[in-house]
Ligand SMILES: [Zn+2]
């Protein structure tokens with residue numbers, strides 16, 4: 309298991325955090341850690357670009373949430389399989405001044421006792437800034453192993469060579485920042501990419517598979533060991549998606565396909581009973597999915613703190 313070490317000199321710089329913002333669990337033989345990168349506030353309207361604003365307002369009221377901004381949780385996953393330490397996404401990074409509450413992942417990983425130099429693999433669900441930005445923090449690349457492998461779908465790499473934002477609905481200047489961040493990520497890490505087509509076993513029990521939808525190369529990670537399962541669903545779903553799986557998110561490059569992918573994953577998880585963790589579900593985001601008429605229900609596990 310991951311050591312929860314509060315006493316070593318590595319246990320965080322500056323004052324201790326009130327909440328360590330990491331959650332450990334096991335999936336069979338695999339050690340899994342969900343790490344919060346923080347939250348990023350965005351206009352609430354981006355979560356329902358094809359819905360009647362009154363319906364969105366009702367949903368927000370129903371959830372006791374304000375109407376203007378929605379705090380998107382942002383989670384990163386760490387998996388240990390044998391001698392491999394695999395990072396799934398890398399958070400936002402601290403280089404975007406508009407989001408001071410996100411970009412926590414490098415220090416929280418360190419506080420969890422995980423040395424960046426021990427990471428053997430990174431899986432990128434997609435190349436949006438809140439998933440690759442953490443790898444672009446000043447000085448971070450130098451702390452990674454030179455033989456680090458970064459797994460990403462071929463369709464994702466090809467998409468960002470000439471990205472299409474025509475079906476998205478994002479606040480300015482987000483599209484430009486997404487473009488430049490993806491370009492910088494490719495420039496910095498091109499030589500370390502391990503590009504896969506449909507499906508790829510990163511390590512025993514750790515498989516990444518292409519879903520498309522949110523971006524053309526969007527992928528999810530399936531963990532399976534000892535009869536237990538967990539799927540890290542990236543941006544296939546957001547908190548509103550259980551009640552309104554057909555609502556489009558402004559960050560989806562193909563909103564119709566995104567809704568199909570979302571519903572497909574929900575049905576699959578409801579069927580197989582596997583655990584779900586997603587980038588933007590509230591930390592620690594470990595739960596299951598149940599079918600609820602035409603919608604779905606999120607069923608958190610009993611979080612074992
Ligand atoms: Zn995201």
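In my numbering, the protein residues as written are 309 to 613.
Note that CB positions come from ideal geometry on N, CA and C, so glycine has one too.
In this text, all values refer to a predicted model and were calculated from it rather than measured experimentally.
- Here DSSP, grouped into helix, strand and coil, assigns residue 497 to helix.
- For residue 513, the number of other beta carbons within 10 angstroms of its own is at least 16, and it is reported as buried.
- By the 16-neighbour rule on beta-carbons within 10 angstroms, residue 413 is buried.
- For ligand 1, no non-hydrogen atom lies closer than 7 Å to the CB of residue 369.
- When distances are taken from the beta-carbon of residue 488 to the heavy atoms of ligand 1, even the shortest one reaches 7 Å or more.
- Residue 562 counts as buried, since no fewer than 16 other beta carbons sit within 10 angstroms of its beta carbon.
- Counting C-beta pairs closer than 8 Å gives fewer than three between the region 332-344 and the region 438-455, which falls short of the contact rule.
- Measuring C-alpha to C-alpha distances from residue 433 to each of 592, 550 and 526 identifies 526 as the nearest.
- With contacts defined as CB atoms closer than 8 Å, residue 529 and residue 544 fail to qualify as a contacting pair.
- Look at residue 526: its beta carbon is at least 7 Å from all of the heavy atoms in ligand 1.
- Note on geometry: alpha-carbon atoms of residue 386 and residue 372 lie some 31 Å from one another.
- Counting along the chain, no alpha helix (DSSP H) covers residue 380; the unbroken beta strand (DSSP E) around it starts and ends at 377-389.
- When the Cα atoms are used, residue 418 and residue 443 turn out to be separated by approximately 14 Å.
- The straight-line gap separating the alpha-carbon atoms of residue 359 and residue 603 is approximately 15 Å.
- Per DSSP, residue 369 is one residue of the alpha helix (DSSP H) stretching across 361-370.
- Per DSSP, reduced to three states, the secondary structure at residue 444 is helical.
- Here residue 577 is buried: its Cβ has 16 or more other Cβ atoms, across all protein chains shown, within 10 Å.
- Residue range 507-511 is occupied by the beta strand (DSSP E) that includes residue 510, with no alpha helix (DSSP H) assigned at that position.
- Not one heavy atom of ligand 1 is found less than 7 Å from the C-beta of residue 345.
- Distance from the CA atom of residue 591 to the CA atom of residue 498, rounded to whole angstroms, is 31 Å.
- Ligand 1 approaches residue 588 closely enough that one of its heavy atoms is under 7 Å from the residue's Cβ.
- Runs of the beta strand (DSSP E) lying entirely within the region 411-458 and spanning at least 3 residues, in chain order: 429-431.
- Shown here, residue 594 sits in coil according to DSSP, grouped into three states, outside any helix or strand.
- Taking 8 Å as the cut-off, the beta carbon of residue 429 is found no closer than this to the beta carbon of residue 383.
- In this structure, residue 476 and residue 407 do not form a Cβ contact; the two beta carbons are roughly 19 Å apart against a cut-off of 8 Å.
- DSSP, reduced to helix, strand and coil, places residue 572 within a helical segment of the structure shown.
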